[in-house]
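**Q** Residue numbers (our numbering): 5 to 248.
I'd like to ask some things about the structure below.
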């Protein structure tokens, strides 16, 4: 089913309270920009964060070595302006944005992690110019290795503009997966699917265990309440799967 049609189906579930269609299309544009030519590993997460009309008015300036990169801000990890106010230099840039925990997941897919200090290249302790270059290098490396981030839901199910019950959130995830994302993942024919979060896994596992019987792994959300040792074990597993 076309993305726009799925959006309107989901908007009915949310009582016409979904984020703007233009935001959904923008996030999809970012996702397609970073799609590898050959997908080896799909990171299957839950959703991006609600992106308003006002958010999209924030301009992402041209970035060297990223021709054709989207020019509007989105609250999505593939948007380099998300969490990087120094990139947009816009007074309307959100005060609290970014997904630092998910950058750890991406970084661990590309780098063997020994301790938490290893994440410094993409964290605030590194200067903005260097951190931006590190993030660009990371995303390019993931793309070249065939690692692609896909969200089960095409619309945001979290964020300031989202006010839905857990039941409705689950219904949105199911509809989005059934009508759109399942085909995106299966048609990519990855060697492995890493499902980020048990909530997502509960919705997609039945459909993915059959085509990927020994190639389907579930890891906790990066902000899950786990010990440092448990988080480190998950980061190492990400690396092992993505670098076979």
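The beta carbon of each residue, even a glycine, is placed where N, CA and C say it ideally should be.
Note that the structure is a prediction, hence the values are computed from the model and not measured.
1) Given this structure, state the Cα-to-Cα distance separating residue 18 from residue 176, to the nearest angstrom.
2) In chain order, which continuous runs of the beta strand (DSSP E) of length 3 or greater are located wholly inside the stretch 188 to 240?
3) On the criterion of 16 or more Cβ atoms from any shown chain inside 10 Å, does residue 118 qualify as buried, or is it exposed?
4) Do residue 67 and residue 84 come within 8 angstroms of each other at the CB atom, strictly closer than that value?
5) How many angstroms separate the CA atom of residue 52 from the CA atom of residue 23?
6) Judging by CA-CA distance, which residue of 184, 180, 174, 196 is the nearest neighbour of residue 202?
7) Are the CB atoms of residue 159 and residue 14 within a distance shorter than 8 angstroms?
8) Give the DSSP bridge partners of residue 151, in chain order.
9) Between which two residues does the alpha helix (DSSP H) carrying residue 88 extend?
10) With distances taken from CA atoms, which of 121, 35, 97, 101 is nearest residue 108?
11) Rounding to the nearest angstrom, what Cα-Cα distance links residue 90 and residue 132 in this structure?
12) With 16 as the cutoff for other CB atoms within 10 Å, does residue 79 come out buried or exposed?
13) Run the CB neighbour count on residue 50, radius 10 Å, all protein chains shown included, and call it buried at 16 or more, exposed below.
14) Across the stretch 216 to 223 and the stretch 193 to 202, are there enough close Cβ pairs to call them in contact, namely three or more that are closer than 8 angstroms?
15) Let's see if you can read the secondary structure: which residues bound the alpha helix (DSSP H) around residue 174?
16) Please classify residue 134: does DSSP put it in a helix, a strand, or coil?
17) Let me make sure I understand the geometry here. Which of 110, 190, 44 has the alpha-carbon closest to that of residue 210?
18) Residue 159 by DSSP, collapsed to three states: which one?
19) Would you kindly work out how many angstroms separate the C-alpha atoms of residue 143 and residue 134, rounded to a whole number?
20) Is it buried or exposed, residue 82, if we count other Cβ atoms within 10 angstroms and call 16 or more buried?
21) At the level of alpha carbons, what is the spacing between residue 237 and residue 114?
22) Taking residue 65 as the reference, give the member of 241, 137, 76 with the closest Cα.
23) Give the straight-line distance between the Cα atoms of residue 36 and residue 164, rounded to the nearest whole angstrom.
24) Let's test the definition: count the other Cβ atoms within 10 Å of the Cβ of residue 86 and tell me whether it reaches 16, buried, or not, exposed.
**A** For this structure:
1) 8 angstroms
2) 196 to 200, 220 to 223
3) exposed
4) yes
5) 11 angstroms
6) 174
7) yes
8) 45
9) Here residue 88 belongs to no alpha helix (DSSP H), and DSSP marks it neither H nor E.
10) 121
11) 7 angstroms
12) buried
13) buried
14) yes
15) 170 to 180
16) helix
17) 190
18) coil
19) 14 angstroms
20) buried
21) 15 angstroms
22) 76
23) 25 angstroms
24) buried
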